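Chemist: Protein chains in written order, with my numbering: chain A, 171 to 531; chain B, 11 to 514; chain C, 511 to 818; chain D, 14 to 325.
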Amino acid sequence: MKILRKLWDWLKELSGLSELIYSLFAIVFALLIGAILIYLSGHDALDAYYYLFTGAFGNTYNLAQTILKSIPLIFTGLAVAIGFQAGLFNIGIEGQLYWGAFTTAVVAVSLPGLSGFILIPIALLAGALAGGIWGAFPGYLKAKTGAHEVITTIMLNYVGILATTFLLKNFFKAPGPVDQTRTIPTQARIPELIPNTRLTWAFVIGIGVILLIRYLFSNTSLGYDLQAVGANTSAAEYAGISVPRITVLTMTISGAVAALAGGTIVLGVLNRFITNFSPGYGFTGIAVAVLGRNRPEGVLAAALLFGALDAGKVSMQLFTDIPGDLITVVQGLVILLVAAPSFIRLFSSLFGRGRELIASE
Amino acid sequence: MNAVEMKGITKIFGNTVANDGVDLSVEEGEIHCILGENGAGKTTLMNVLFGLYDRDGGEIYLHGEEVDVRKPSQAIDLGIGMIHQNFMLVDRLSVTENIVAGAEPKKGLTLDRKTAEEKVRRLSEQYGLKVDPRARIENISVGDQQRVEILKALHREAEILILDEPTAVLTPQEVEDLFRVMRELKDSGKTLIFITHKLKETMEITDRITILRDGKKIGTAETEETNPQDLAQMMVGRDVVLSVEKSPREESAVGFKVKGLNVPNPENNINLKDVDFEVQKGEILGVAGVEGNGQLELEEGLMGLRPIESGEVLLGDRDLSNLPTRKRKRLGVAHIPSDRLRRGLIADFSLKRNMILGSEWSKPYSNRGFLDRNNIVTYTEEVVEDFDIRGGGADVSVKSLSGGNQQKVIIGRELTRDPDLIIAAQPTRGVDVGAIEYIHRQLLDMRDEGIPILLISAELDELRTLSDRIIVLYEGEIVASVDAEEVDERELGLLMAGENAEVR
Amino acid sequence: AESRIAIVYATGGLGDKSFNDAAHRGILRAEEELGIESDGAEPSAIAEYETYLNRFASTRRYDLIISIGFDQADALTKVAGQYPDQKFAIVDAVVDQPNVASYVYSENERGFLMGVAAALMTTRTEDPMINPEKKVGVIGGMKIPLIDSNIAGYIAGAHYADPDVDVSYSYVGTWTDPAKGKELTISMIENGADVIWGAAGRSGLGVINAAKENDIYAIGADSDQGYLAPEHMLTNGMKFVDNTVFLAIDQTINGNFLPGMNVLGVAEGGLGYTESLLPDSVVEELEEVKEKIVAGELEIPEKVEDAE
Amino acid sequence: MNDVLAAIFSINTLAAMIRMATPIALAAMGGTFSERSGVINIGLEGMILTGAFAGVAGSYYTGSPWVGVLFAVVFGSLVAAVFALFTIKFKANHVVAGVGLNIFALGLTTWLMQVLWGGRGVSPDVNGLSRVSIPFLNKVPVLDKLISNQSPLVYIMFVLIIGGWFLLFKTPLGLRIRMTGERPEAADTLGINVSRIKYFSVILSGALSGLGGAYLSLGYLNMFSRNMSAGRGYMALAANIFGQWNPLGGLGASFLFSFSEAVQLRLQSINLNIANELIQMIPYVITIVVLAGAVIKSRPPEALGEHYGVEK
Ligand SMILES: Nc1ncnc2c1ncn2[C@@H]1O[C@H](COP(=O)(O)OP(=O)(O)OP(=O)(O)O)[C@@H](O)[C@H]1O
Ligand SMILES: Nc1ncnc2c1ncn2[C@@H]1O[C@H](COP(=O)(O)OP(=O)(O)OP(=O)(O)O)[C@@H](O)[C@H]1O
Ligand SMILES: [Mg+2]
Ligand SMILES: [Mg+2]
């Protein structure tokens, strides 16, 4: 018994497994509450979850949909997490994402002669640059005037969305009744990763960026400075780190990563820029970031979870008449519960194992 | 009758047994000292008594009756007051607000500010604890803050007062003041528990002493029947040298020179004015002064952490005064900051990451912006070994280290930078005897290697043992420059008080 | 066997009391009258359209899959290409695929009718809800071409009926904020407008609310919104999406599937108005205008710039 | 040009400012209390939404809009209590819990709308609060237009803001709240019940936001519409920060924002030759410019976002 416990502790330590277990508990618990709600509204919860689950993981296509839906959240979640690591709360992801999408689309339609190998990276980088600049702006304001980034980024969301719409309408609109750019050339489309699933290599780009940021945090001097500013500004100053510079730089990186969410949607899914395409990826990104404990690998996991719920919701909506809003409720609950490990510990203590879990905090 | 009787108190944090079956009896009306090294468990024991921590075992009796204190509010109701090691004050609130919160006088629905201020004034007169009831905490000196802490307890009519290392941040005059107040409190019938690891103070003020080591009680002694050497031995568990020897030195070239330095600090209304001094190679120049007379401005001005108005800061013949902090570090200035948790360490970072704070862009820890793990770990392990940093290896978070070990991390880091100048501000604040001895030795070794050292300290003993010369800051100006050998503590104290400028 | 129909609504979702709800009514009517069965989906993002269309198409169970809303065009183009044997219909946009029947409206015609009605009303000062100023207004949800076509028609219609009438127009900036729609309406009322058309999705509910509160006339959009303000809803700019949906279903299951562009205007019965509170004389004039539109005698602008 | 000036300097614009500022100012004060006690409150949006919904449901089932208002306050407080439970007792990260709450509230209100009224867009019309005109003020030329003849909740808002300011800065409870947010351990060692103070403040923030929601759904319109808070919770958060965690400051910031919004709406219908999108940007740009120009040093409560009382 004791050996088992030792082994267990060791495993947990080794892999951060305990957090994973808490998170799984949270998800199960949220689903349970959701089931009660479904039951109360006069539907069959088992049926609902059957479709929810198969819709997310049932076959290759569905699994691909799960991943597909997680891609923008990987970028937006990561963008928020980067800000948090430096102690900055970037709520301006949405605006940065619009700039990314817009610029990527404009570049892609403006350079139709280039081959995909060159055009895709150029278009994405241009988008990242635009988003980076849009992110740097509130960073600069904060560094220069002390203007709180929460306020400025909220405002800049609206400004960014309106500004891209303005530019689109006045300079880049495709003929026709819809406010959108022309369709990007075929070679600018990010190729599919699994044929006929719409899942593209954008996911691989996402993983790449995750790894890159992970590396930035743990293995570079810049990442060190960024985290130092986030953890203790006074000590960072003491160390000679230029806090204003890191503030601007962090917001730039964060904005650039956010912009990739827009860029990959344009090149991978929509194949053009269209007004109002984002259902709030930026705001969900906040949830994804903090759910993932602001760590790159955590962001990936959280984004996949959200992707799965979204993909599952599609099936559930198609094949039952349970409203998708209930899944939104479940999503909210998952976030609340995962955010509160001690709740799960309290709950699991009812099942006996808990004491030990509590003690291991 | 014992005012406080604690029996077999045990408190465990994770894997640390902070208190291991500790007994403590404090007689009514005495000043009882709890003595112990950093991490011995003194604060923990008192936090248990005050209801901040739930004990894992043991009983508590007050005036012979068993009590079950689980919350500070219960302790307060039982007449216990505690002055915490880290002041429990809110910077942005006024002195009065800090004192009356939780037991506010009311007028109708409102807080009766006038009565409250009046009460604070009365209390402060009664016990000779001078403070301005309307001042904001962030604008008053540490000594004043200390007095506010005591007034907080008195306002709640505490009969048993716990003072957790109250002298660590005080100047000699302030310590004298505090001791006077403590005696007055004792005379008015209150019981005092006084925590320290300064032996001299213990001998001076207390009636009895309980010694803790590694969470265990080593013994209790009558103050009159013991001596510092024995106490040190009980605390540390081995013989300690209480004061280090300093080798004589010869005149040498000037290594560091400050000319006409002016550093304004509008927030606190302190201005460092026209400061001139030189430090020779292999010399320790002490800076004495009552806290808040420009020491912080000097320290931060020299490091580029605070904008200066005018002046030159010459390291060799290079003027640092317009360089960013990072550049000054690069040029060989090591800096032990006065506020270690706020400035010197990143509590959430691991030990090894803290070791490269400030040199994260420099070889060999960084290669064109990419960190070199191996070099960092090797370096960390060396420093841990050389400076005897206890509490875990390269990967522990420094948050979990005791104060003394945290200070060693900073000192280890800064002294191994191969510095051309050391600015050491309060290097032994809140550090125990064993560690003080060690840090002093290190600083003297650096001096003997020919490095100029600026030592800013509030500890007169420290200044006198380590410094070759001492300058005294008073209201932002240097009012005296004296030979450390030739000045005694009384004279220094007077200079610091700005009273007797002709002593020089 | 029974026919099965799938429908993918526009992102606003059901419950908008106008566009999507009208489509839903068409489905209900088809269920009742044609005995079909249906499944529906309410995407929350443009990127989801393709997912849903694809899901529906891949089951190969549906006789017809209907896309509601102009912004589904691209998703449908793609999916229709992938499933050449599946029949699709789209309302409010044109998809150039052999297996897609596209239904679009001449929105400016509807706007024109509403403009005429508004201009005729604002001079009827004997009506207690009408002020002496000759001002009317229109509020769009967002500045998109479809809405602008309505607004252009509205302006032209108003000026056609009475060149002196002042028309103000503005946009809420979102389809889903009735409070802001209301505030925008109030600002127009303060400026003297007494007939205001809200073509703004759920934000338009704020227009109706403001009209009620300030005792002026509101004009509804897409569906008959009269029940929301029986005493203030002058008329409704009807877009018979329900009929269109029903028509598409009916055509398909009766073997008359009509791929290509089907333009529905006033003449085709795709657009119209409700008599609601309109005085008889106004209705008469509207009927005349309607005839002219049907006869193609009127040149109605599609762009706001051209209407002013 | 005259039109433009008229749009900016008119009583109507100011009256519109007051109307639009009301829900934001209420929620901003909610944010102030919560954050003064140390709990970051991103959940204002969800609390407003819940309040708006509960208000309509209350009015729908009882026919009385005032019962609706009561419902809004009660349910706003209830979700805030859940939020408090998670952030204070279960030590959830405040930001995540807030985001979770917003998503939860959006899903729940939409779902309940379907359950109760069968549609997921808007509720049926219910009885809203009628405007009241104030006996004296309605005779004074300017004030009658400006502040008389507003929804009763507007007056209540003014009273509450002043009351909130008084509570926070003049009463013992206010002192305890501020102390808790600055340094909970200091409050604790003074025998102040830190979690009780936090629960109180967070629940109060829910009540106030709920009232703000009721203003939207009952005081302003008379129905509930999906996601009708439409970002006002985030604006309130910004107003709270802008206003230096002070109810009066929050009101001022809400005024600034709503004023520029009112101007924006008016400029649109003047048909200036300026792209609509650019006009719509005005409120946001003005806010940024004022914020950057004002050189306000935002200094949040010292212990904002931290948990207290982990180890005992
Ligand atoms: N304090 C700092 N804060 C943030 N980034 C820094 C800092 N110091 C250096 N960097 C980054 O590292 C890069 C290299 O700078 P570094 O100072 O190491 O160069 P250097 O050649 O040593 O310069 P110098 O000799 O002028 O000090 C810079 O471009 C910058 O991005
Ligand atoms: N809250 C806590 N969580 C975990 N460990 C703790 C906590 N408080 C104290 N400890 C550990 O318990 C031991 C005793 O600490 P304590 O603060 O009581 O020592 P101390 O004698 O007051 O030391 P110092 O002189 O440095 O103040 C130390 O090892 C410390 O790291
Ligand atoms: Mg100590
Ligand atoms: Mg201690």
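Idealized CB from N, CA, C, for every residue including glycine.
In this text, all values refer to a predicted model and were calculated from it rather than measured experimentally.
1) Using the DSSP secondary-structure output, state which residues sit across from residue 218 of chain B in a beta bridge.
2) Report the residues of the segment 698 to 724 of chain C with a CB closer than 7 angstroms to any CB of chain D, ordered along the chain.
3) Taking 7 angstroms as the cut-off, is the CB of residue 201 of chain D close to at least one heavy atom of ligand 2?
4) To which residues does DSSP link residue 71 of chain B through a beta bridge?
5) I'd like to know whether the C-beta of residue 221 of chain A is nearer than 8 angstroms to at least one C-beta of chain B.
6) Note down the Cα distance separating residue 74 of chain B from residue 195 of chain B, rounded to an integer number of angstroms.
7) Which chain D residues sit within Cβ distance under 8 angstroms of residue 408 of chain A?
8) In the DSSP assignment, find the unbroken alpha helix (DSSP H) run with residue 669 of chain C in it and report its ends.
9) Can you list, in chain order, the residues of its chain whose CB lies under 8 angstroms from that of residue 522 of chain A, leaving out five sequence neighbours each side?
10) For residue 556 of chain C and chain A, any beta-carbon pair shorter than 8 angstroms?
11) By Cβ distance, which residues of its chain are closer than 7 angstroms to residue 366 of chain B, with the 5 residues on each side in sequence left out?
12) Report whether the distance from the Cβ of residue 196 of chain B to the nearest heavy atom of ligand 2 is below 7 angstroms.
13) Answer with buried or exposed for residue 281 of chain D, where buried requires no fewer than 16 other C-beta atoms within 10 angstroms of its C-beta.
14) Report the rounded CA-to-CA distance for residue 491 of chain A versus residue 534 of chain C, giving the unit in angstroms.
15) Quick test of the definition: if touching needs 3 or more C-beta pairs under 8 angstroms, does the segment 208 to 220 of chain D touch the segment 686 to 694 of chain C?
16) Taking 7 angstroms as the cut-off, is the C-beta of residue 95 of chain B nearer than that to any heavy atom in ligand 2?
17) Give me the Cα-Cα distance between residue 127 of chain B and residue 198 of chain D, rounded to the nearest whole angstrom.
18) Can you confirm whether the segment 761 to 774 of chain C touches the segment 605 to 614 of chain C when touching is taken to mean that 3 or more C-beta pairs between the two stretches lie within less than 8 angstroms?
19) From what residue to what residue does the alpha helix (DSSP H) around residue 450 of chain B run?
20) So residue 575 of chain C packs on residue 563 of chain C, CB below 8 angstroms; how close in whole Å?
21) Curious, which full-length beta strand (DSSP E) runs of at least 3 residues does the segment 156 to 185 of chain B contain?
22) Which same chain residues end up closer than 7 angstroms to residue 306 of chain A when comparing Cβ atoms and leaving out the 5 residues on each side of it in sequence?
23) Beta-carbon within less than 7 angstroms of residue 138 of chain D's beta-carbon, same chain only, minus the 5 sequence neighbours each way: which residues are those?
24) Counting only beta-carbon atoms, is residue 98 of chain B nearer than 8 angstroms to chain D?
25) Check the DSSP bridge columns for residue 20 of chain B and list the partner residues they point to.
26) Roughly how many angstroms lie between the CA atoms of residue 181 of chain B and residue 63 of chain B, to the nearest whole one?
27) Is the segment 411 to 431 of chain B close to the segment 441 to 450 of chain B, with three or more CB pairs under 8 angstroms?
28) Relative to chain C, which residues along the segment 360 to 373 of chain A have a C-beta separation below 8 angstroms, given in chain order?
29) Just verifying my parser: in three-state terms, what is the DSSP assignment at residue 269 of chain B?
30) Please specify which runs of the alpha helix (DSSP H), each continuous and at least 4 residues long, are wholly inside the segment 307 to 370 of chain A, giving them in chain order.
31) Would you kindly work out how many angstroms separate the C-alpha atoms of residue 316 of chain B and residue 347 of chain B, rounded to a whole number?
32) 8 angstroms is my cut-off, CB to CB: does residue 255 of chain D come that close to chain A?
33) Let me check understanding here. Comparing Cα to Cα, which of A/503, A/511, A/453 and A/468 lies closest to residue 204 of chain A?
34) Alpha helix (DSSP H) containing residue 307 of chain B: first to last residue?
35) Sorry if obvious, but does the Cβ on residue 355 of chain A come closer than 7 angstroms to a heavy atom of ligand 5?
36) Check whether the Cβ atoms of residue 45 of chain B and residue 16 of chain B lie closer than 8 angstroms to each other.
Modeler: In short, the structure shows the following:
1) As a first step, residue 218 of chain B is located in the second sequence; it is residue number 208 there, counting from the start. Residue pairing by DSSP puts residue 218 of chain B in a beta bridge opposite B/42 and B/232.
2) Cβ contacts with chain D: 698, 700, 701, 712, 715, 716 and 719.
3) As a position in the fourth sequence, residue 201 of chain D is number 188, starting the count at 1. Every heavy atom of ligand 2 is 7 angstroms or more from the Cβ of residue 201 of chain D, so no.
4) Walking along the second sequence from the start, residue 71 of chain B turns up at place 61. Paired residues: B/15 and B/76.
5) Indexing the first sequence from 1 puts residue 221 of chain A at position 51. Judged by the 8 angstroms Cβ criterion, residue 221 of chain A is not in contact with chain B.
6) Counting from 1 along the second sequence, the entry for residue 74 of chain B is found at position 64. Counting from 1 along the second sequence, the entry for residue 195 of chain B is found at position 185. Each residue's alpha carbon lies about 22 angstroms from the other.
7) Along the first sequence, one-based indexing puts residue 408 of chain A at 238. Those do not exist, as residue 408 of chain A stays about 19 angstroms from chain D at its closest Cβ, beyond 8 angstroms.
8) Within the third sequence, residue 669 of chain C is the residue found at index 159, counting from 1. Segment 655 to 671, the alpha helix (DSSP H) holding residue 669 of chain C.
9) Reading the first sequence from its first residue, position 352 is the one you call residue 522 of chain A. Reliability fails at residue 522 of chain A, whose pLDDT of 45 lies under 50, so the model's placement of it is uncertain and no value is given.
10) Position 46 of the third sequence, counting from 1, holds the residue named residue 556 of chain C. Interface with chain A (8 angstroms Cβ-Cβ cutoff): residue 556 of chain C is included.
11) Looking up residue 366 of chain B in the second sequence gives position 356. 375 and 386.
12) Position 186 of the second sequence, counted from the first residue, corresponds to residue 196 of chain B. Using a cutoff of 7 angstroms, the CB of residue 196 of chain B does not count as near ligand 2, since none of the ligand's heavy atoms is closer than that.
13) As a position in the fourth sequence, residue 281 of chain D is number 268, starting the count at 1. With 16 or more other Cβ atoms within 10 Å, it is buried.
14) For this step, residue 491 of chain A is matched to residue 321 along the first sequence. For this step, residue 534 of chain C is matched to residue 24 along the third sequence. For the pair residue 491 of chain A and residue 534 of chain C, the Cα-to-Cα distance works out to about 15 angstroms.
15) As far as the Cβ criterion goes, the segment 208 to 220 of chain D does not touch the segment 686 to 694 of chain C, which means the pair count is below three.
16) The sequence position of residue 95 of chain B within the second sequence is 85, counting from 1. Residue 95 of chain B Cβ: within cutoff of ligand 2.
17) Here residue 127 of chain B corresponds to residue number 117 of the second sequence, with the count starting at 1. Here residue 198 of chain D corresponds to residue number 185 of the fourth sequence, with the count starting at 1. Approximately 23 angstroms, taken between the alpha carbons.
18) At 8 angstroms Cβ cutoff, the stretches touch.
19) The sequence position of residue 450 of chain B within the second sequence is 440, counting from 1. First-last of the alpha helix (DSSP H) with residue 450 of chain B: 443 to 458.
20) Along the third sequence, read from residue 1 onward, the residue named residue 575 of chain C stands at position 65. Along the third sequence, read from residue 1 onward, the residue named residue 563 of chain C stands at position 53. The distance from the Cβ of residue 575 of chain C to that of residue 563 of chain C is about 6 angstroms, consistent with a contact at the 8 angstroms cut-off.
21) Taking only runs of at least 3 residues, the beta strand (DSSP E) segments lying wholly in the segment 156 to 185 of chain B are 170 to 174.
22) Along the first sequence, one-based indexing puts residue 306 of chain A at 136. Within the same chain, residue 306 of chain A has close Cβ partners 418, 421, 422 and 425.
23) Here residue 138 of chain D corresponds to residue number 125 of the fourth sequence, with the count starting at 1. Around residue 138 of chain D: 235 and 236.
24) As a first step, residue 98 of chain B is located in the second sequence; it is residue number 88 there, counting from the start. Chain D, which has a Cβ nearer than 8 angstroms to the Cβ of residue 98 of chain B, makes this yes.
25) Position 10 of the second sequence holds residue 20 of chain B. Residue 20 of chain B pairs with B/67.
26) As a working note, residue 181 of chain B is residue 171 in the second sequence. As a working note, residue 63 of chain B is residue 53 in the second sequence. Whole-angstrom Cα-Cα distance: 31 angstroms.
27) In this structure the segment 411 to 431 of chain B touches the segment 441 to 450 of chain B; the number of beta carbon pairs closer than 8 angstroms is three or more.
28) Here the close residues are 366 and 368.
29) Taking the first residue of the second sequence as position 1, residue 269 of chain B is located at position 259. It is a strand residue.
30) The alpha helix (DSSP H) runs lying completely inside the segment 307 to 370 of chain A and spanning 4 residues or more are 319 to 337, given in chain order.
31) Looking up residue 316 of chain B in the second sequence gives position 306. Looking up residue 347 of chain B in the second sequence gives position 337. Their Cα atoms are separated by approximately 13 angstroms.
32) The residue given as residue 255 of chain D occupies position 242 in the fourth sequence. The beta carbon of residue 255 of chain D falls within 8 angstroms of a beta carbon belonging to chain A, placing the residue at that interface.
33) Within the first sequence, the letter at position 34 stands for residue 204 of chain A. Residue nearest to residue 204 of chain A within the set A/503, A/511, A/453 and A/468 is A/503 (criterion: CA-CA distance).
34) As a first step, residue 307 of chain B is located in the second sequence; it is residue number 297 there, counting from the start. Per DSSP, residue 307 of chain B is one residue of the alpha helix (DSSP H) stretching across 305 to 313.
35) Absence of ligand 5 from the depicted structure is noted, with ligand 1, ligand 2, ligand 3 and ligand 4 being the only ligands included.
36) Counting from 1 along the second sequence, the entry for residue 45 of chain B is found at position 35. Counting from 1 along the second sequence, the entry for residue 16 of chain B is found at position 6. At least 8 angstroms separates the beta-carbon of residue 45 of chain B from that of residue 16 of chain B.
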